[in-house]
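K.L.:
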Amino acid sequence: MLAPDFWADKDLAQAKIKELSQLKEELAGQNKYDSGDAIITIFAGAGGDDAEDWARMLFDMYFKWADNNKFDLQIIHQNTNDHNGYRNLTFEIRGRGVYGILKNESGVHRLVRISPFNAKNLRHTSFALVEVIPRFEKIAKSSAGWRIPEDDLRVEFSRSSGPGGQNVNKRETAVRLVHLPTNLAVHVDSERSQLANRDKALAILAAKLYKRAEEERLKKEQGMYVSKTTEIEWGNQIRSYVLHPYKLVKDHRTEVETSDIDGVLGGDLSLFLDAEKDLAF
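Just so we're aligned: 272 in my numbering is position 275 of the sequence shown, and the numbers increase by one with no gaps anywhere.
1) Hey, how far is the Cα of Asp34 from the Cα of Phe60?
2) In the structure shown, what three-state DSSP assignment does Ile258 receive?
3) Using the Cα positions of Ala48 and Arg110, report the straight-line distance between them to the nearest angstrom.
4) Which of helix, strand or coil does DSSP assign to Ile229?
5) Report buried or exposed for Arg120, applying the criterion of at least 16 other Cβ atoms within 10 angstroms of its Cβ.
6) Taking the continuous alpha helix (DSSP H) assigned at Tyr96, which residues delimit it?
7) Bridge partners for Glu128 per DSSP, in chain order?
8) So Asp69 packs on Arg91, CB below 8 Å; how close in whole Å?
9) Kindly indicate which three-state DSSP category Glu134 falls into: helix, strand or coil?
10) In terms of residues, what are the limits of the alpha helix (DSSP H) holding Tyr59?
11) So if DSSP puts Gly82 in a beta bridge, which residue, or which two residues, is it bridged to?
12) Could you spell out where the beta strand (DSSP E) holding Asn76 opens and where it closes?
13) Report buried or exposed for Tyr238, applying the criterion of at least 16 other Cβ atoms within 10 angstroms of its Cβ.
14) Please work out which residues of its chain come closer than 6 Å, Cβ to Cβ, to Leu86, disregarding the five sequence neighbours upstream and downstream, and give them in chain order.
15) Per DSSP, what kind of secondary structure is Glu153 in: helix, strand or coil?
16) With a 10 Å radius around its C-beta and 16 neighbouring C-beta atoms as the bar for buried, classify Asn194 as buried or exposed.
17) Taking only the alpha-carbon atoms, compute the straight-line gap between Lys100 and Asn115 and give it to the nearest angstrom.
18) Alpha carbon to alpha carbon, how far is Arg173 from Lys274? Give it in angstroms, no decimals.
19) The beta strand (DSSP E) that contains Tyr238, what's its start and end?
20) Determine whether the beta carbon atoms of Gln191 and Phe133 lie at a separation below 8 Å.
21) If we ignore side chains and look at the alpha-carbon of each, how far apart do Glu128 and Arg214 end up?
22) Is the distance from the Cβ of Arg156 to the Cβ of Glu169 below 8 Å?
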């Protein structure tokens, strides 16, 4: 006959197994898109040409990172200025595990340098917001459950534009979706047809809503105040890039820093990405 302690230990073991199984399922749910592709949007902050040029520099950095790692990059939408800077830009990087690698790049990035747009050669601080979301397939095929009611959407159509703002398509194939409850907006003009652009815009909007919900869930779990917006300004930056009066890149979350700013802007993000693996979603 088995001792009573055996049954007590058995019940405890089964409870632990159940607890670990639930934790595994929860972690799998939180990280289920980590192995997939990423969609990145860069928004220039206030500051005109300097901020928009900084957005261009950040895009070049991620472009070189993708190229160095043999990942494919495609521009989805771009809003340029007369100096080849970006007011905003959306692109996708495709490759195994890209979203999991880059998801913690989301946040405000700050640049300090001598402004190339200032005749007096004054030092200038610029800000840009980087948003990284997972790439969803078409919503009809997605198991994410992010089906957006039509009444929650405002749909706008326009002609697709090329570099410099010239129209490259006589038909109104570009699509802009606005999610009315949150005011989140998506603009897609990379596809050839209006329907394809709309499908892609819906998928991106669903991914934005997913990322927003995950961030709010995490902050609530940590007892943090949930802000509906992120101001692209001083005090909110996750990383600073200083070109003058010295050279330094510092991540303000991990405290990791390097003086090799040329290497970082040249696409070598390994120092920061390795440190970011320990960050929450």
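By construction, the Cβ of each residue, glycine as well, lies at the ideal position given by its N, Cα and C atoms.
P.N.:
Quick look at the numbers:
1) To locate residue 34, count along the sequence shown from 1; it is residue 37. To locate residue 60, count along the sequence shown from 1; it is residue 63. In a straight line, the C-alpha of Asp34 is about 14 Å away from that of Phe60.
2) On the sequence shown, residue 258 is found 261 positions in, with the first residue counted as 1. Note: Ile258 maps to helix in three-state DSSP.
3) Counting from one through the sequence shown, the residue named residue 48 turns up at place 51. Counting from one through the sequence shown, the residue named residue 110 turns up at place 113. Between Ala48 and Arg110, the C-alpha separation is close to 11 Å.
4) Looking up residue 229 in the sequence shown gives position 232. Correct three-state label for Ile229: coil.
5) Locating residue 120 in the sequence shown gives position 123, where the first residue counts as 1. So Arg120 ends up on the exposed side.
6) To locate residue 96, count along the sequence shown from 1; it is residue 99. Run containing Tyr96: 95 to 99, per the alpha helix (DSSP H) assignment.
7) Numbered from its first residue, the sequence shown carries residue 128 at position 131. Note: Glu128 sits in a beta bridge opposite Thr38.
8) Here residue 69 is taken as the residue at index 72 of the sequence shown, counted from 1. Here residue 91 is taken as the residue at index 94 of the sequence shown, counted from 1. Right, their Cβ atoms sit about 4 Å apart.
9) The residue given as residue 134 occupies position 137 in the sequence shown. Reduced to three states, the DSSP call for Glu134 is coil.
10) Stepping through the sequence shown from its first residue, residue 59 is reached at position 62. 46 to 65 is the span of the alpha helix (DSSP H), which, as asked, contains Tyr59.
11) Stepping through the sequence shown from its first residue, residue 82 is reached at position 85. In DSSP, Gly82 forms no bridge with anything.
12) Residue numbering aside, residue 76 sits at position 79 when the sequence shown is read from its first letter. From DSSP, the beta strand (DSSP E) with Asn76 extends over 69 to 77.
13) Position 241 of the sequence shown holds residue 238. By the neighbour-count rule (16 or more Cβ atoms within 10 Å), Tyr238 is buried.
14) In the sequence shown, residue 86 corresponds to position 89, counting from 1. Within the same chain, Leu86 has close Cβ partners Ile39, Phe56, Gln75.
15) In the sequence shown, counting from the first residue as 1, residue 153 sits at position 156. If DSSP states are grouped into helix, strand and coil, Glu153 belongs with the strands.
16) Your numbering for residue 194 matches position 197 in the sequence shown. By the 10 Å Cβ count, Asn194 comes out buried.
17) For the purposes of this step, residue 100 is taken as residue 103 along the sequence shown, with counting starting at 1. For the purposes of this step, residue 115 is taken as residue 118 along the sequence shown, with counting starting at 1. Straight-line Cα distance between these residues: approximately 34 Å.
18) Against the sequence shown, residue 274 aligns to sequence position 277. Against the sequence shown, residue 173 aligns to sequence position 176. About 34 Å.
19) In the sequence shown, counting from the first residue as 1, residue 238 sits at position 241. Note, Tyr238: beta strand (DSSP E), 234 to 239.
20) Within the sequence shown, residue 191 is the residue found at index 194, counting from 1. Within the sequence shown, residue 133 is the residue found at index 136, counting from 1. Contact flag unset, no.
21) Taking the first residue of the sequence shown as position 1, residue 128 is located at position 131. Taking the first residue of the sequence shown as position 1, residue 214 is located at position 217. About 18 Å.
22) Counted from its first residue, the sequence shown places residue 156 at position 159. Counted from its first residue, the sequence shown places residue 169 at position 172. For Arg156 and Glu169, yes; Cβs fall inside 8 Å.
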